[in-house]
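Everything below concerns the one structure shown next.
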Amino acid sequence: MITKEIAENRWEEWDNFVAESPNGHFFQSFEFGEIRSTLGWEPIRVVVEDEGGIKAAISILKMRIPLLNKCIFYAPRGPVVDFKNRILLHSLLKCVKEVAEKEKAIFLKIDAGIPAEERDVVEILKEAGFIIAGRHCDKLGTQPTTVFRINLQKSLEEIEGRFDKTTRRNIRISEKKGVIVQEDNSKEGFDAFLLLLMKMVRHKKIAAYDAKYYRSIWEILYPHRMGRLFLARYNGKIVAGVFVYLFGKKCWLAYSAFDNRYGFVCPNQALHLHVIKWAKEKGCPWYDLRGTGIINPDNAQPGKPFYGLYIFKKGFGPEFVRFIPEMDMVFRPGLYKLWNFSIPLMEMGVRVYANLRRFRCPKKI
Numbered sequence: 013m014i015t016k017e018i019a020e021n022r023w024e025e026w027d028n029f030v031a032e033s034p035n036g037h038f039f040q041s042f043e044f045g046e047i048r049s050t051l052g053w054e055p056i057r058v059v060v061e062d063e064g065g066i067k068a069a070i071s072i073l074k075m076r077i078p079l080l081n082k083c084i085f086y087a088p089r090g091p092v093v094d095f096k097n098r099i100l101l102h103s104l105l106k107c108v109k110e111v112a113e114k115e116k117a118i119f120l121k122i123d124a125g126i127p128a129e130e131r132d133v134v135e136i137l138k139e140a141g142f143i144i145a146g147r148h149c150d151k152l153g154t155q156p157t158t159v160f161r162i163n164l165q166k167s168l169e170e171i172e173g174r175f176d177k178t179t180r181r182n183i184r185i186s187e188k189k190g191v192i193v194q195e196d197n198s199k200e201g202f203d204a205f206l207l208l209l210m211k212m213v214r215h216k217k218i219a220a221y222d223a224k225y226y227r228s229i230w231e232i233l234y235p236h237r238m239g240r241l242f243l244a245r246y247n248g249k250i251v252a253g254v255f256v257y258l259f260g261k262k263c264w265l266a267y268s269a270f271d272n273r274y275g276f277v278c279p280n281q282a283l284h285l286h287v288i289k290w291a292k293e294k295g296c297p298w299y300d301l302r303g304t305g306i307i308n309p310d311n312a313q314p315g316k317p318f319y320g321l322y323i324f325k326k327g328f329g330p331e332f333v334r335f336i337p338e339m340d341m342v343f344r345p346g347l348y349k350l351w352n353f354s355i356p357l358m359e360m361g362v363r364v365y366a367n368l369r370r371f372r373c374p375k376k377i
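For our numbering, count along the sequence shown from 1 and bump the result up by 12.
Printed below as a string of structure tokens:
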């Protein structure tokens, strides 16, 4: 077997391997690395291969820390490997360590999308040199440890039968009000969605990227049909939208936006029902709604942060999926301690940024 960094001209081979792997995720796709490069992350892609092709892969995002002349490594939902094949895993990580030494990395963070029930994977990763991360830095872009997934392998009747009464009622309201949902991947459609998203960000005073970043997502994914946009219209006006990732036979919710003035026509429920039907027709085994908003459903109470998001997603009868924790491979222990100490300060900066966003929403995109 050969372990090495892969050339950019092999992006299609890379994507095919990741998409077809059981634990392959869109965030390990070639395209996602390109998307994050617009934010200053540099993608590094490492593979283990033999004559039969790629056997394991990891897409690492590198962020330079200029003052220290060092960097951090982050592999969102990676690596893509059979974790129980220790030879394969160690071959991959051996190359990662060599790259880390060359790049002067402080640590590598992973948040593999492996169900928490597979506790042996955590032990295998510990044996390979990982530790459980002391702090979860979701404010800095890492992935949630819990997600909601709608099982699409059931019949449509069974899927809708799992919706709660509020969701079913709101779907009926949207139908009576004449809400129309259509897939619209045109530039004009995305511009309208982007304007809606930016207005919602200002209204809700939440942290978000600027319009340029979201536009780069569309520009990178559209040629490969990996990003799909669905818009809800009421009386001809776009009142809500959902943007999803389609990677192989897997579908994830990426972004959603709506005009709060039209909540009475319930466009959001209509949108997700449309996406559910669409993803099922595409042969996807599930539709991942991503973050649950609340880590422990037993503690879900009105008034808690993200409770509304939790209730909305839960209304579609999804499965609550918990993943193994974030894990770090530390290359420079002293600087790693400094990094963990600085996380609260960075989170504070994110909150300040979120409060300032309401003054920066453009009227035109």
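All C-beta atoms in this analysis are idealised placements derived from N, C-alpha and C, irrespective of residue type, glycine included. This structure is a prediction, so every number in the text was calculated from the model and none was measured.
TODO: Within its chain, find whatever has a CB closer than 6 Å to the CB of leucine 105; leave out the 5 residues flanking it on each side and keep chain order.
DONE: Within the sequence shown, the letter at position 93 stands for residue 105. Same-chain partners within the cutoff: Ala140.
- [ ] Tell me, to the nearest whole angstrom, how far the beta carbon of valine 333 is from that of proline 91; I am working on the premise that it is less than 8 Å.
- [x] Residue 333 sits at position 321 when you count from the first residue of the sequence shown. Residue 91 sits at position 79 when you count from the first residue of the sequence shown. Rounded, the Cβ-Cβ distance is 19 Å, inconsistent with contact.
TODO: Could you tell me which residues DSSP pairs with valine 159 in its beta bridges?
DONE: As a position in the sequence shown, residue 159 is number 147, starting the count at 1. Looking at the DSSP assignment, valine 159 forms a beta bridge with Gly303, Val333.
Open item on the list: Below 8 Å on the Cβ atoms is my contact criterion, and I expect tyrosine 257 with tyrosine 274 to pass it. Report the Cβ-Cβ distance as a whole number of Å.
Closed with: The residue you call residue 257 lines up with position 245 of the sequence shown. The residue you call residue 274 lines up with position 262 of the sequence shown. Contact doesn't hold; Cβ gap of about 26 Å is too wide.
Open item on the list: I want to know whether the segment 203-213 touches the segment 256-270 - three or more CB-CB distances under 8 Å.
Closed with: As far as the Cβ criterion goes, the segment 203-213 touches the segment 256-270, which means the pair count is three or higher.
Open item on the list: Under 8 Å: do the segment 294-302 and the segment 152-169 share three or more Cβ pairs, one atom per stretch?
Closed with: With contact defined as three or more Cβ pairs closer than 8 Å, the segment 294-302 and the segment 152-169 are in contact.
Open item on the list: Is it buried or exposed, aspartate 176, if we count other Cβ atoms within 10 angstroms and call 16 or more buried?
Closed with: Position 164 of the sequence shown holds residue 176. So aspartate 176 counts as exposed.
Open item on the list: Using C-beta distances below 7 Å, list every residue in its chain close to glutamate 43, excluding the 5 sequence neighbours before and after it, in chain order.
Closed with: Position 31 of the sequence shown, counting from 1, holds the residue named residue 43. Excluding residues within five positions, the ones whose Cβ falls inside 7 Å are Ile232, Leu233, His236, Met238.
Task: Exposed unless 16 or more other CB atoms sit within 10 angstroms - verdict on threonine 304 - done: Translated into positions along the sequence shown, residue 304 becomes position 292. Around the beta carbon of threonine 304, 16 or more other beta carbons lie within 10 angstroms, which makes this residue buried.
Task: Range of the contiguous alpha helix (DSSP H) that encloses threonine 179 - done: Here residue 179 is taken as the residue at index 167 of the sequence shown, counted from 1. Per DSSP, threonine 179 belongs to the alpha helix (DSSP H) from 177-188.
TODO: Return the CA-CA distance between lysine 151 and isoleucine 99, expressed in angstroms with no decimal places.
DONE: Looking up residue 151 in the sequence shown gives position 139. Looking up residue 99 in the sequence shown gives position 87. Low confidence applies here, because lysine 151 scores a pLDDT of 47, under 50, leaving its location unreliable; read the following figure in that light. Roughly 34 Å separates the two Cα atoms.
Task: Between the CA atoms of asparagine 21 and glycine 315 - distance to the nearest angstrom - done: By one-based count along the sequence shown, residue 315 stands at place 303. By one-based count along the sequence shown, residue 21 stands at place 9. The alpha-carbon atoms of glycine 315 and asparagine 21 are separated by roughly 50 Å.
Task: Span separating the alpha-carbon of tryptophan 26 from that of serine 41 - done: One-based indexing of the sequence shown puts residue 26 at position 14. One-based indexing of the sequence shown puts residue 41 at position 29. So the two alpha carbons sit approximately 7 Å from each other.
Open item on the list: Buried or exposed, going by whether 16 or more other CB atoms sit within 10 Å of the CB of phenylalanine 338?
Closed with: On the sequence shown, residue 338 is found 326 positions in, with the first residue counted as 1. According to the sequence shown, residue 338 is glutamate rather than phenylalanine. So glutamate 338 ends up on the buried side.
Open item on the list: Do isoleucine 77 and valine 111 count as a contact pair if the criterion is CB distance below 8 Å?
Closed with: Counting from one through the sequence shown, the residue named residue 111 turns up at place 99. Counting from one through the sequence shown, the residue named residue 77 turns up at place 65. No; because the gap between Cβ atoms is not below 8 Å, this pair is not in contact.
Open item on the list: Going by the DSSP bridge assignment, what does lysine 121 pair with across the sheet?
Closed with: What you label residue 121 is simply residue 109 of the sequence shown in a count that begins at 1. DSSP output for lysine 121 lists Tyr86, Asp340 as bridge partner(s).
TODO: Tell me whether tyrosine 221 counts as near the ligand NAD, meaning its Cβ is closer than 7 Å to at least one heavy atom of that ligand.
DONE: As far as ligands go, the structure on display features none, and thus does not contain the ligand NAD.
Open item on the list: Tell me the DSSP secondary structure of glutamate 195 in three-state form.
Closed with: To locate residue 195, count along the sequence shown from 1; it is residue 183. Three-state result, glutamate 195: strand.
- [ ] For lysine 151, name the three-state secondary structure that DSSP assigns.
- [x] Start at 1 with the first residue of the sequence shown, and residue 151 comes out as number 139. Note on lysine 151: pLDDT 47, under 50, position unreliable in the model; no value is reported.
Open item on the list: Which complete alpha helix (DSSP H) runs does the segment 218-258 hold, if anything under 4 residues is left out?
Closed with: Here the runs fully enclosed are 223-233.
Open item on the list: Using a 10 Å radius around the Cβ and a threshold of 16 neighbouring Cβ atoms, would you call methionine 212 buried or exposed?
Closed with: Here residue 212 refers to the residue found at position 200 of the sequence shown. Methionine 212 comes out buried.
- [ ] List the endpoints of the continuous alpha helix (DSSP H) containing aspartate 27.
- [x] Within the sequence shown, residue 27 is the residue found at index 15, counting from 1. Per DSSP, the continuous alpha helix (DSSP H) segment holding aspartate 27 begins and ends at 23-32.
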